[in-house]
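For any residue, its number in our numbering is found by taking its place in the sequence shown, counting from 1, and adding 137.
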Amino acid sequence: MKENKNVPVADFRDTYPKFTPEMKHTHKILIPDMLPFHFGIIVDFLRKDGWDIEVLHNDSRAVIDEGLKHVHNDTCYPALCVTGQFIDALKSGKYDPEHTAVMITQSGGGCRASNYIPLIRKALKAEFPKVPVISLNFAGLEKDSGFPVTLKMILKLAFAVFYGDVLMSLYNQCKPYELEAGASDAAREDCLKVIREAFDKNKYRSYKKWTKALLQRFSAVRRSTEKKIKVGIVGEIYVKYSPLGNSHLEDFLLSEGCEPVVPALMDYVMYCAVNNVNDAKLYNKKNASTPLFALAYKYLYGVQKKIIRMMKEYGFEPLHDFEHLRRCADKVINQGVKMGEGWLIPAEMAALAETGTDNIVCAQPFGCLPNHIAGKGTIRTLKQMYEHENIVAVDYDPSATKVNQENRIKLMLATARENMEQEEKAQKN
């Protein structure tokens, strides 16, 4: 049979609206509520740079229901939350779909987080076909985006993360102990003004000056000396930080009289940089960006060490030293395990135990395989290494009820209180 050479080849590429440079002046950009302490800082300086950006705070059950309608329920919970939050916001009537775009970050790893973009595009295509989806990433994905990532923007983002981490840590160390209700919240608002000033004056790189101002402001918050249970929060990055994703976990711990201890976001940033360098060593995957990632890590780690020193000087528990995290990881798992949050999860659990936080909530989306392996799968080893470590793995899922999640955490807290009572008795004897 003679082959017909004129048969056209089917084009399976999906068409989608692109965000063009001109849209900077015509479109509002919506971003999901993932980092309460960081996104406000980032949005402020992006607005100064001419971008019309808004962080979404809609977190009713309708958000989850919209996610379930438009994303397969076997897809991980964060993808469902983010998609649902976008669609719920667009349906609210507050935004003009003709002049609105949505934006999320992409790590570029093998986790499904790198595949949220096509999921969101398909979900939007049904009802909001003209809404573009922007990817904020440093892995060379989505090269046709009209949202340029410049060196200046990268520097601003890095320092926004540092300031957000310090603010989050200081707030969590003061809020449970404040003698005057609302004092920590007032300090937080004052510190946000200080950080805004740093970016407005383009002096954000003078981090010692601004970090000192944050430390001085929170030092002025009058605190009790009462001993409280410290609870670390680790796990998949979205449910670890997002109030929507973790059912307002930090607020719940505060209501139970605990001190939440949330590891820094910069740990994840440096984790991504180190993984690129490790790929060259372990898998011979060296490329042109490898030395740049090594240089970026060296610079960021240098800044982190100075911030740690300053926090210690003011009597606050400092951020984790990232090299200490790497040493902690090596005790449990190889640094070649980098799918999702990979070796960072057991590293943070070990580091928390070594710095006095024995009680830990490992937050994971139900069905998140990387998290089950690197998080839940290492708990037994960690408990053997640190006999007082009290860890509970909590699944977050559209079908999981808040009551069940909180009951699991309450059981962990009951054990924590027993351990604290035994410690106090032993000290008296």
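By construction, the Cβ of each residue, glycine as well, lies at the ideal position given by its N, Cα and C atoms.
Among the residues of its own chain, which have a CB less than 7 Å from the CB of residue i, if the five just before and after it don't count?
i    : result
T242 : L273, N274
I445 : P455, L456, D458
A147 : Bear in mind that a pLDDT of 47 at A147, under 50, signals an unreliable position, so the number given afterwards is only what the model happens to contain. Cβ within range, chain order: n/a, list empty.
N195 : Q222, D225, A226
T571 : Only positions 138 to 566 of the chain appear in this structure, which leaves residue 571 out of reach.
T552 : N527
Return yes when the Cβ of residue j is within less than 9 Å of the Cβ of residue i, no when it is not.
i    : j    : result
L381 : P397 : no
V192 : P169 : yes
F284 : F156 : yes
N383 : Y533 : yes
A417 : A433 : no
R359 : E326 : no
K520 : I528 : yes
G477 : C248 : yes
T287 : I257 : no
L391 : I546 : no
E264 : K228 : yes
V368 : L548 : no
M305 : F174 : yes
Beta-carbon within less than 6 Å of residue i's beta-carbon, same chain only, minus the 5 sequence neighbours each way: which residues are those?
i    : result
F355 : L307, C311, A324
D189 : K165
Y314 : R360, S361
F176 : V192
A297 : I178, I179
D181 : R333
Using the C-alpha atoms, what's the distance from residue j back to residue i?
i    : j    : result
L506 : K338 : 45 Å
V200 : E561 : 45 Å
Y378 : M240 : 18 Å
L292 : L261 : 32 Å
V331 : M407 : 25 Å
K422 : F430 : 13 Å
V474 : R333 : 38 Å
I254 : S244 : 12 Å
V346 : A335 : Rather than Val, the amino acid found at residue 346 in this sequence is Lys. Each residue's alpha carbon lies about 9 Å from the other.
K468 : E491 : 12 Å
M403 : A295 : 8 Å
F352 : M448 : According to the sequence as given, residue 352 is Leu; it is not Phe. Distance between the alpha carbons of L352 and M448: 7 Å.
T212 : Y375 : 14 Å
V268 : T515 : 42 Å
Y420 : N413 : 10 Å
C218 : A238 : 17 Å
F149 : K259 : Here F149 scores only 46 on pLDDT, less than 50, and its place in the model should not be relied on; the value that follows carries that caveat. Answer to the nearest angstrom: the Cα atoms are 14 Å apart.
H525 : Q542 : 22 Å
K539 : E235 : 36 Å
M171 : R554 : 30 Å
N556 : K340 : 47 Å
A563 : I470 : 34 Å
D186 : Y436 : 25 Å
H518 : G493 : In the sequence under discussion, the amino acid at residue 518 is Thr, which differs from the His named in the question. Cα to Cα, T518 sits roughly 18 Å from G493.
Taking only three categories from DSSP, how would you classify residue i?
i    : result
L456 : coil
C499 : strand
Y232 : coil
G372 : strand
D148 : Its pLDDT being 47, under 50, D148 is placed unreliably in this model, and the coordinates cannot settle the point.
D202 : helix
V474 : coil
R545 : helix
D534 : coil
V298 : helix
E560 : helix
P285 : coil
E264 : helix
T367 : Per the sequence shown, residue 367 should be read as Lys rather than Thr. Here K367 sits in strand by DSSP.
N527 : strand
V399 : coil
R184 : helix
E315 : strand
Output needed for residue i: all residues of its chain with C-beta closer than 8 Å, excluding positions within five of it in sequence on either side, in chain order.
i    : result
V371 : K377, P400, I482, E485, M486, L489, I497, V498, C499, A500, G512
P266 : P154
E460 : Y438
R184 : I190
Y405 : I374, E478, L481
List the residues that DSSP assigns as beta-bridge partners of residue i.
i    : result
M240 : I271
I166 : I190, A238
R360 : E315
Please confirm whether any heavy atom of the ligand MN lies closer than 8 Å to the CB of residue i.
i    : result
Y436 : Absent from the structure shown: the ligand MN. Ligands present: none.
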